[in-house]
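These notes are about the structure you will find just below.
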Amino acid sequence: MRRPFSKRSQAIPAFKAMAILAKANQMALGGRDIIHLEVGQPDFPVAEAIRAAGIEAIRAGQTGYSDANGLPALRAQISEHYRCVYGLDIQERRIILTAGASGALALVVALLTDPGDGWLLTDPGYPSNRRFVEAFSGIAQPCAVGPKERFQFSAKTVANAWQTNTVSLLLASPGNPTGTSLSSSALKAVAKVVEEKNGFLVSDEIYQGLEYGPTKRISALSVTNDAFVVNSFSKYFGMTGWRLGWVVAPDGAEAPLIRLAQNLTICPSVPAQYAALSAFDPSVLEQLDAQRDILAERRKLMLSCITETGLQVPVSPDGAFYLYAKLPEHFGSADDYCRDLLEQEGVAITPGTDFGDHDAQHYVRISYAQPRAVLQQALERMVRFRP
Ligand SMILES: Cc1ncc(COP(=O)(O)O)c(C=O)c1O
């Protein structure tokens, strides 16, 4: 008999949003009309200029390896992006292109984690974070955050949660699944506690560019030069399947990160990097901002109609494209609600249990990255389904 696979791999549960997507796809194959509000993926087609640049790169045979940290021209464009959008001077050498934010997180966690080192993570938070930490023999130290804290870290939470083996804190602003952001002052206060503890601050900024409040993008790099910043072409740029993201490393961390990148992935996709060179064209950025405005309208629609379904959104999201909605007690558990909603009404959403343990059976995540008419239909079905 074949020996079992590693205990580490067996301990990793399925990513529920992906498992629900697979089930929903199966149901669609069987003829069911499914509305997908479970995956975190913008529905807009990738901008034509980006696609054309990708095709052109492949035609021109730009399909070999690049430097492990990516094409110099693209790193220069990202550096310029920090100058234009955030008013920050980020030298190109500090920018390392990766296989999505996922690749960036893997590199940063690998760099910062010795066996037994602790990582403070929000609960709820992006589910893969703790898998990255555990993959490198670190210890995930989830911190329960609720509506009172707008589902984000505060300086007080961090100071209280920091343990003797804690080395790093990973935050996301705007966050997944809640879409809430940290203000500049809150970010500064968190960064200060991490510095006092002599720890590492990692800021996942994958949803930046998709903000709907009066405050625009706030990078951890605006409050400290010492943060590791993770970003991606997946969300604002809508290039999920191209698998391209980046890390901004603090001074001195770039060389060891590049060494890890050389060994773990060699380099990110080269056609995707050539395509992304067009992502910062003014006309593309204009289109992306128009798409953000469409998402803002959908957010408004969802927030104004969600109570008819019986669900409540305790904290209005100010970014990303999710509602983190609370189920009333009599709706039962989030797992059961999501299963029954999919089976009976063909609406796929994700239970809070995908994102942690804290009050997770009382929450669901709804992605509104779908056309308005689809969202209206989903809401109608959810009202009909209301227990
Ligand atoms: C908070 C957060 N970080 C990282 C990722 C990974 O994104 P990607 O690898 O597609 O860039 C996601 C994807 O949904 C996310 O929500």
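Residue 1078 in the working numbering is what sits at position 240 of the sequence shown, and the numbering runs on without skipping anything.
Where is the CB? At the ideal position from N, CA and C, for every residue including glycine.
- Not one heavy atom of ligand 1 falls within 7 angstroms of the beta-carbon of Ile1187.
- Spanning the alpha carbons of Gln1182 and Asp881 requires a straight line of approximately 24 angstroms.
- Here the alpha carbon of Leu1008 sits roughly 10 angstroms from the alpha carbon of Gly963.
- Contact check for Ala862 against Leu1180 passes: the beta carbons are separated by less than 8 angstroms.
- Counting only runs of at least 3 residues, the stretch 975-1025 fully encloses the following beta strand (DSSP E) elements, listed from N- to C-terminal order: 977-982 and 1004-1010.
- Remark: the C-beta of Thr1016 is outside contact range of ligand 1, defined as less than 7 angstroms to any heavy atom.
- Around the Cβ of Asp1089, a 10 Å sphere holds fewer than 16 other Cβ atoms; the residue is exposed.
- Residue side-chain check: Ile1044 places its Cβ nearer than 7 angstroms to a non-hydrogen atom of ligand 1.
- With a cutoff of 7 angstroms, Tyr964 counts as near ligand 1, since its C-beta is closer than that to a heavy atom of the ligand.
- In the three-state reduction of the DSSP assignment, Ser1142 falls in the helix class, which pools H, G and I.
- Bounds of the alpha helix (DSSP H) holding Lys861 are Lys854 to Leu867.
- According to DSSP, Tyr1201 shares a beta bridge with Lys1164.
- Linking Leu1102 to Leu945 through their CA atoms gives a straight-line distance of about 8 angstroms.
- Distance from the CA atom of Ala898 to the CA atom of Ser1070, rounded to whole angstroms, is 25 angstroms.
- The shortest CA-to-CA distance from Asp1119 to any of Arg870, Glu886, Arg1081 and Phe974 is the one to Glu886.
- Inter-segment contact for the stretch 1023-1039 and the stretch 1063-1077 is present: three or more beta-carbon pairs are separated by less than 8 angstroms.
- In this structure, ligand 1 has a non-hydrogen atom nearer than 7 angstroms to the beta-carbon of Ser940.
- For Asp1178, the enclosing alpha helix (DSSP H) stretches over residues Ala1172 to Glu1183.
- Gly878 counts as buried, since no fewer than 16 other beta carbons sit within 10 angstroms of its beta carbon.
- A heavy atom of ligand 1 is found nearer than 7 angstroms to the CB of Gly1083.
- Exposed is the label assigned to Pro910, since fewer than 16 other Cβ atoms lie within 10 Å of its Cβ.
- Residue state for Asn1036 is assigned as coil, using DSSP reduced to three classes.
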